[in-house]
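See below for the structure under consideration.
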Amino acid sequence: MTIGWRIKQARKASNLSLRKLADEIGVSAMAISKYERDQDVPSSGVLLRLSQALKVKVDFFFRPSTVSVQLQAYRKHAVLGV
Numbered sequence: 002m003t004i005g006w007r008i009k010q011a012r013k014a015s016n017l018s019l020r021k022l023a024d025e026i027g028v029s030a031m032a033i034s035k036y037e038r039d040q041d042v043p044s045s046g047v048l049l050r051l052s053q054a055l056k057v058k059v060d061f062f063f064r065p066s067t068v069s070v071q072l073q074a075y076r077k078h079a080v081l082g083v
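Following my numbering from start to finish, the sequence shown increments by one per residue and tops out at 83.
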């Protein structure tokens, strides 16, 4: 999961439009769109303002991806050959 994907998910969870979020943090809606599509990377200052507007911790944007449940279920039933 990329930073852009996380920004988009947090924005949708907060029920904010691109324009509303952009207005809240002082950037253009086009900038938010580019961040969400991973065409540009927000500066540390913008990330801080994003986290405040979206009510998430800054580390939310950098958390490692989790293993899918399907993969865990597959591993649980796997048998090692000898």
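Every residue, glycine too, gets a C-beta built ideally from N, C-alpha and C.
Item to check | Buried or exposed (CB count within 10 angstroms, at least 16 for buried), R64 | outcome: Classification of R64: exposed, given that the 10 Å Cβ count is below 16.
Checklist entry - Taking the continuous alpha helix (DSSP H) assigned at R12, which residues delimit it? => result That run of the alpha helix (DSSP H) goes 4-14.
Item to check | Local conformation of S52 per DSSP, three classes | outcome: Helix.
Item to check | Neighbour-count burial assignment, L72, 16 or more Cβ in a 10 Å radius | outcome: Confidence is the limiting factor: at L72 the pLDDT is only 49, short of 50, which leaves the residue's position unreliable, though a coordinate-based value still follows. Under this definition L72 is an exposed residue.
Checklist entry - How many Å lie between L17 and Q53 at the Cα? => result Roughly 13 Å between the two C-alpha positions.
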